[in-house]
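Chain order of the listed sequences is A and B.
Quick note: the first sequence uses the working numbering, first residue 1, plus one each step.
Quick note: the second sequence uses the working numbering, first residue 1, plus one each step.
C-beta: ideal position from N, C-alpha, C; glycine also.
There are 2 protein chains.
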Amino acid sequence: MAARDYGEYGGVTRALELVGERWALLIVRDLLIGPRRYGELAAGLPRIPSNILAARLKELQAAGVIRRAPRSRVIVYELTPYGRELEPVVLAFGAWGFKAMGEPRDEQIITPDSMTMDLRAAFRASVAASLPATAYGARVGGVELLVRVNGAALQVTRGDGPVDLAFSAGPGIHRLISGELSPDRAIASGAVELLRGRGELLGRFASTFHLAA
Amino acid sequence: MAARDYGEYGGVTRALELVGERWALLIVRDLLIGPRRYGELAAGLPRIPSNILAARLKELQAAGVIRRAPRSRVIVYELTPYGRELEPVVLAFGAWGFKAMGEPRDEQIITPDSMTMDLRAAFRASVAASLPATAYGARVGGVELLVRVNGAALQVTRGDGPVDLAFSAGPGIHRLISGELSPDRAIASGAVELLRGRGELLGRFASTFHLAA
DNA sequence: CCGCATCCCATGTGATACTG
DNA sequence: CAGTATCACATGGGATGCGG
Chain A
1 MAARDYGEYG
11 GVTRALELVG
21 ERWALLIVRD
31 LLIGPRRYGE
41 LAAGLPRIPS
51 NILAARLKEL
61 QAAGVIRRAP
71 RSRVIVYELT
81 PYGRELEPVV
91 LAFGAWGFKA
101 MGEPRDEQII
111 TPDSMTMDLR
121 AAFRASVAAS
131 LPATAYGARV
141 GGVELLVRVN
151 GAALQVTRGD
161 GPVDLAFSAG
171 PGIHRLISGE
181 LSPDRAIASG
191 AVELLRGRGE
201 LLGRFASTFH
211 LAA
Chain B
1 MAARDYGEYG
11 GVTRALELVG
21 ERWALLIVRD
31 LLIGPRRYGE
41 LAAGLPRIPS
51 NILAARLKEL
61 QAAGVIRRAP
71 RSRVIVYELT
81 PYGRELEPVV
91 LAFGAWGFKA
101 MGEPRDEQII
111 TPDSMTMDLR
121 AAFRASVAAS
131 LPATAYGARV
141 GGVELLVRVN
151 GAALQVTRGD
161 GPVDLAFSAG
171 PGIHRLISGE
181 LSPDRAIASG
191 AVELLRGRGE
201 LLGRFASTFH
211 LAA
């Protein structure tokens, strides 16, 4: 049960003993969005074997990172306060990895939670603070998210609602956020398709969410 | 050679594919201190098997995180610019794990590089900025480091030199940095032993390096 | 059906030995 | 010193089972 250790006494080593096992940090990532049921976690981690998911959940509990909580008759997993302190780590990790994302391979999918965390990682609060509040409807690879930016605050939720701009994109949206593709050319090339609302707001979106390689 | 993937297209997933394998982030941690030779890496990662070290070095090169560089007849490994961008990740990871460090187990050792990174993670630049420049000689678990604080700048090197305060400590130093033990009580309890210089500077050290649980 | 537990096999890991 | 080779073993992956 005790995670394999590294024989070293140090901060990074300790962190890796707690959340360094395969899949562990992805479970944490999804729980940073909100509490999740076992099945929801399994769905968000497309290819995790069920025995591994069960094992990780136990280990993360033993490590004090997550806990089981009964929510109105069903059991959900949620982060402990200490687990929530992993948010800067996951965001930094996500921002770093984002820059190395090329084109997706065929079997690679996008999940609502992974996309939410990518948007959080790319969010530039200081830029958004000086822009008008805006709601975007973003549809990427079968995932539809409602993205509300209000000053320096960002809220990403599933489902939809009233938006100022709705657009649909392939994974090429990654190149819009990286600055590799300008908003105009993203539309012209078909990488982003405008669905509803004011199309010029795509520029504002690209300013708000940006992670240069 | 290609790291096992997670079947998902996202920033965190991509990052884990690149540096998520066992030992990989520890290699990066040591290389963040400076270029290292193969043998130095092996010495800093006490129990890594040589075949694993060799495999990780190849994978990290293929991932564009590190590179081999010829330095005056010997080969050293160093981070690429992209690899160096992992510094915030490693620091955040180290700060998080530091808070979960209990007492060391018997077989756990402290290496110069791990201790250097822990000090960097615990360094509070904003606090140090308003304190006089100070040089500490810190000896912990057989590792001796020269710690120079100059305004908001921190420099940690091996070996020794002129210092304002030299002290020796067991791993209990961790409790000084966490605030669990006051400087006075650290000395009184023997957790920290003053060697040279002005003992009252230990309080300044504890203010400069702090990571509360 | 959800939340796991079991089984089996492929692969990665770890200790040791070995080579240029 | 800087790796490579080998082999036993632990872990991960995928399918399946099963109780509440």
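- For the stretch 37-58 of chain B, residues whose beta-carbon sits nearer than 7 angstroms to a beta-carbon of chain A comprise P46, R47.
- Around the CB of B:E21, 16 or more other CB atoms lie within 10 Å, so the residue is classed as buried.
- Neighbourhood of B:R204 in chain A, by CB distance below 8 angstroms: empty, with the nearest CB roughly 22 angstroms away.
- Proximity of chain A to B:D160 at the Cβ level (cut-off 7 angstroms) is not reached, the minimal Cβ distance being about 21 angstroms.
- Taking a cut-off of 8 angstroms on C-beta distances, the stretch 111-127 of chain B touches the stretch 5-23 of chain A, as three or more cross pairs fall below it.
- Rounded to whole angstroms, the separation of the alpha carbons of A:G151 and A:V163 is 16 angstroms.
- Nearest to A:A153 by C-alpha distance, out of A:D160, A:S126, A:A166, A:N51, is A:S126.
- If you look at B:F167, you'll find it in the beta strand (DSSP E) that goes 165-169.
- Proximity of B:V156 to chain A, defined by a Cβ-Cβ separation below 9 angstroms, is not satisfied.
- Along the stretch 90-107 of chain B, the positions whose C-beta sits under 7 angstroms from a C-beta of chain A are V90, A92, F93, G94, A95, W96, G97, F98, A100, M101, P104, E107, read in chain order.
- Looking at the DSSP output, B:A186 shares a beta bridge with no other residue.
- The beta carbons of B:G179 and B:H210 sit closer together than 9 angstroms.
- The stretch 25-40 of chain A and the stretch 76-83 of chain A touch, with no fewer than 3 CB-CB distances between them shorter than 8 angstroms.
- Beta-bridge partners of B:Q61 (DSSP): none assigned.
- A residue is called buried when at least 16 other Cβ atoms come within 10 angstroms of its Cβ; A:L201 meets this threshold and is buried.
- Under the three-state reduction of DSSP output, B:T134 falls in the strand class.
- Annotated three-state conformation of B:E144 is strand, per DSSP.
- As far as DSSP is concerned, A:T80 takes part in no beta bridge.
- Put simply, the CB of B:V147 is far from chain A, with every gap to its CB atoms at 9 angstroms or more.
- With respect to chain A, the C-beta atom of B:T80 has no partner C-beta closer than 9 angstroms.
- Note that the stretch 20-36 of chain A does not touch the stretch 45-55 of chain B; fewer than 3 beta-carbon pairs, one per stretch, sit closer than 8 angstroms.
- Taking a cut-off of 8 angstroms on C-beta distances, the stretch 91-99 of chain A touches the stretch 85-96 of chain B, as three or more cross pairs fall below it.
- At a Cβ-Cβ threshold of 9 angstroms, A:A212 and B:A15 do not count as neighbours.
- Using a CB distance cut-off of 9 angstroms, B:L16 counts as an interface residue toward chain A.
- For A:L181, the CB contacts under 8 angstroms within the same chain, skipping 5 residues up- and downstream, are G172, R175, S189, A191 in chain order.
- With contacts defined as CB atoms closer than 9 angstroms, A:G159 and A:L195 fail to qualify as a contacting pair.
- Taken through DSSP and simplified to helix, strand or coil, A:E193 comes out as strand.
- For a Cβ distance threshold of 8 angstroms, residue set V12, L16, G20 of chain A lies close to B:L25, ordered along the chain.
- At a C-beta separation below 9 angstroms, A:S114 has these neighbours in chain B: E8, Y9, G10, G11, V12, T13.
- Counting the other CB atoms within 10 Å of its CB gives A:E59 a total of 16 or more, which places it among the buried residues.
- Contact annotation: A:L32 and A:M115 have beta-carbon atoms that are not nearer than 9 angstroms.
- Residue environment analysis places A:G83 among the buried positions, since at least 16 neighbouring C-beta atoms fall within 10 angstroms of its C-beta.
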